[in-house]
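**Q** Protein chains in written order, with this note's numbering: chain A, 613 to 725; chain B, 613 to 725. Glycine included, each C-beta is placed from N, C-alpha and C at the ideal position.
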DNA sequence: TCCATAGTTCGGATATTACGAACTATGGAA
DNA sequence: TTCCATAGTTCGTAATATCCGAACTATGGA
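1. For the 8 angstroms Cβ check, are there 3 or more pairs between the region 678–688 of chain A and the region 681–693 of chain B?
2. If you measure between the beta carbons of residue 694 of chain B and residue 645 of chain B, is that distance less than 9 angstroms?
3. So residue 705 of chain B contacts chain A; which residues on that side make the cut at Cβ distance below 7 angstroms?
4. Between residue 706 of chain B and residue 639 of chain A, is the Cβ-Cβ spacing less than 9 angstroms?
5. Name the DSSP bridge partner or partners of residue 694 of chain A?
6. In terms of residues, what are the limits of the alpha helix (DSSP H) holding residue 719 of chain A?
7. According to DSSP, simplified to helix, strand and coil, what is residue 647 of chain B?
8. Along the region 628–641 of chain A, where does the CB come closer than 9 angstroms to a CB of chain B? Name the residues.
9. From the DSSP output, in three-state form, read off residue 657 of chain B for me.
10. Determine, using beta carbons only, whether residue 711 of chain A and residue 656 of chain B come nearer to each other than 9 angstroms.
11. Roughly how many angstroms lie between the CA atoms of residue 689 of chain B and residue 672 of chain A, to the nearest whole one?
12. Find out if the Cβ-Cβ distance for the pair residue 717 of chain B, residue 643 of chain B is shorter than 9 angstroms.
13. Taking Cβ positions only, does residue 710 of chain A come closer than 9 angstroms to chain B?
14. Please determine, among B:687, B:634, B:692 and B:713, the residue with the shortest C-alpha to C-alpha distance to residue 698 of chain B.
15. Roughly how many angstroms lie between the CA atoms of residue 641 of chain A and residue 664 of chain B, to the nearest whole one?
16. Please tell me whether residue 643 of chain B has its Cβ less than 9 angstroms away from any Cβ of chain A.
17. Look at the alpha carbon of residue 647 of chain A and the alpha carbon of residue 666 of chain B, and state the distance between them as a whole number of angstroms.
18. Taking 9 angstroms as the cut-off, decide whether the C-beta atoms of residue 708 of chain A and residue 700 of chain A are in contact.
19. Pick helix, strand or coil for residue 701 of chain A, following the three-state DSSP scheme.
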């Protein structure tokens, strides 16, 4: 288990962010991490909505979010805590994350949530 | 050559938009279409920056943008004209497209344009 | 009718993604 | 200490998507 790679904020690419959040599962995970009191550990999300996500897929989703520069993961004892890198990303790409998250919210609102 | 499919604006999904624009080539094409006096036909973009994009790939890029609900394509004589569906998308997902396009602009700005 | 232009479709090589099974790391209990 | 439970990663492979050259289709002139 090699240590995690977290890109420096200057080398975070818009395409990586869009790609990471173009998967609805990942977007939901990230939106949850962004919320105050949101998911911090991986296992806390093992079922998202009504869909069960296998551990290995989940692990990969967190990796994609991490390598896109969206979250920072650090081990605390036996578990992993994931924090959003919102303020950093906001400085580099103002308004981007908020627009994406509210787009998903608007969509789930519209489609009979 | 079956007629093009353009999704109704209500059925445009955020994930499709993010996926379409998570490819830098497509994002550049779309940004150009968005600009007043931007690219209208497909062949007008055959070289983007210094990279040559094959016709078939280009055709596919336009298809992805179209099916994501980002552009509307219609034939005019021998060529295809592509218009952005900006105002429609803006109503459904306010601020999304502007944030994405300016994120790419900020990035190319920063990385020695 | 024939040709040039503009773009699409097909097909196969290549790259990504998904997920079960096996593994690693940490903390606590016996 | 040893053993177990928890939390998560890595590996391998099957399914899926993407890229791009070659062949095709559609339209408007000469």
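**A** In short:
1. no
2. Within the second chain, numbered from 1, the residue matching residue 694 of chain B stands at position 82. Within the second chain, numbered from 1, the residue matching residue 645 of chain B stands at position 33. Contact: yes.
3. Here residue 705 of chain B corresponds to residue number 93 of the second chain, with the count starting at 1. Chain A residues near residue 705 of chain B: 715 and 718.
4. Here residue 706 of chain B refers to the residue found at position 94 when the second chain is read from its first residue. Here residue 639 of chain A refers to the residue found at position 27 when the first chain is read from its first residue. Their beta carbons are not under 9 angstroms apart, which means residue 706 of chain B does not touch residue 639 of chain A by this criterion.
5. Position 82 of the first chain, counted from the start, is the residue given in the question as residue 694 of chain A. Answer is A:685.
6. On the first chain, residue 719 of chain A is found 107 positions in, with the first residue counted as 1. Residues 708–722.
7. Taking the second chain and counting its residues from 1, one reaches residue 647 of chain B at position 35. In the structure shown, residue 647 of chain B sits in coil (DSSP, three-state: anything other than H, G, I, E or B).
8. Taken in chain order, the members of the region 628–641 of chain A whose beta-carbon sits within less than 9 angstroms of a beta-carbon on chain B are 628, 629, 630, 631, 632, 633, 634, 635, 636 and 639.
9. Looking up residue 657 of chain B in the second chain gives position 45. If DSSP states are grouped into helix, strand and coil, residue 657 of chain B belongs with the helices.
10. To locate residue 711 of chain A, count along the first chain from 1; it is residue 99. To locate residue 656 of chain B, count along the second chain from 1; it is residue 44. No, Cβ-Cβ distance for residue 711 of chain A and residue 656 of chain B is not below 9 angstroms.
11. One-based indexing of the second chain puts residue 689 of chain B at position 77. One-based indexing of the first chain puts residue 672 of chain A at position 60. So the two alpha carbons sit approximately 48 angstroms from each other.
12. The sequence position of residue 717 of chain B within the second chain is 105, counting from 1. The sequence position of residue 643 of chain B within the second chain is 31, counting from 1. Their beta carbons are under 9 angstroms apart, which means residue 717 of chain B touches residue 643 of chain B by this criterion.
13. Residue numbering aside, residue 710 of chain A sits at position 98 when the first chain is read from its first letter. It does: the Cβ of residue 710 of chain A has a partner Cβ on chain B nearer than 9 angstroms.
14. Taking the second chain and counting its residues from 1, one reaches residue 698 of chain B at position 86. Looking at the Cα atoms, B:713 is the closest of the given residues.
15. Against the first chain, residue 641 of chain A aligns to sequence position 29. Against the second chain, residue 664 of chain B aligns to sequence position 52. Cα to Cα, the separation comes out at about 37 angstroms.
16. Position 31 of the second chain, counted from the first residue, corresponds to residue 643 of chain B. Chain A contact via Cβ: absent.
17. To locate residue 647 of chain A, count along the first chain from 1; it is residue 35. To locate residue 666 of chain B, count along the second chain from 1; it is residue 54. Looking at the two C-alpha atoms, the distance is approximately 43 angstroms.
18. Looking up residue 708 of chain A in the first chain gives position 96. Looking up residue 700 of chain A in the first chain gives position 88. Cβ distance not < 9 angstroms, so residue 708 of chain A and residue 700 of chain A don't count as in contact.
19. The count along the first chain starts at 1 and reaches residue 701 of chain A at position 89. When secondary structure is reduced to three states using DSSP, residue 701 of chain A falls in the helix class.
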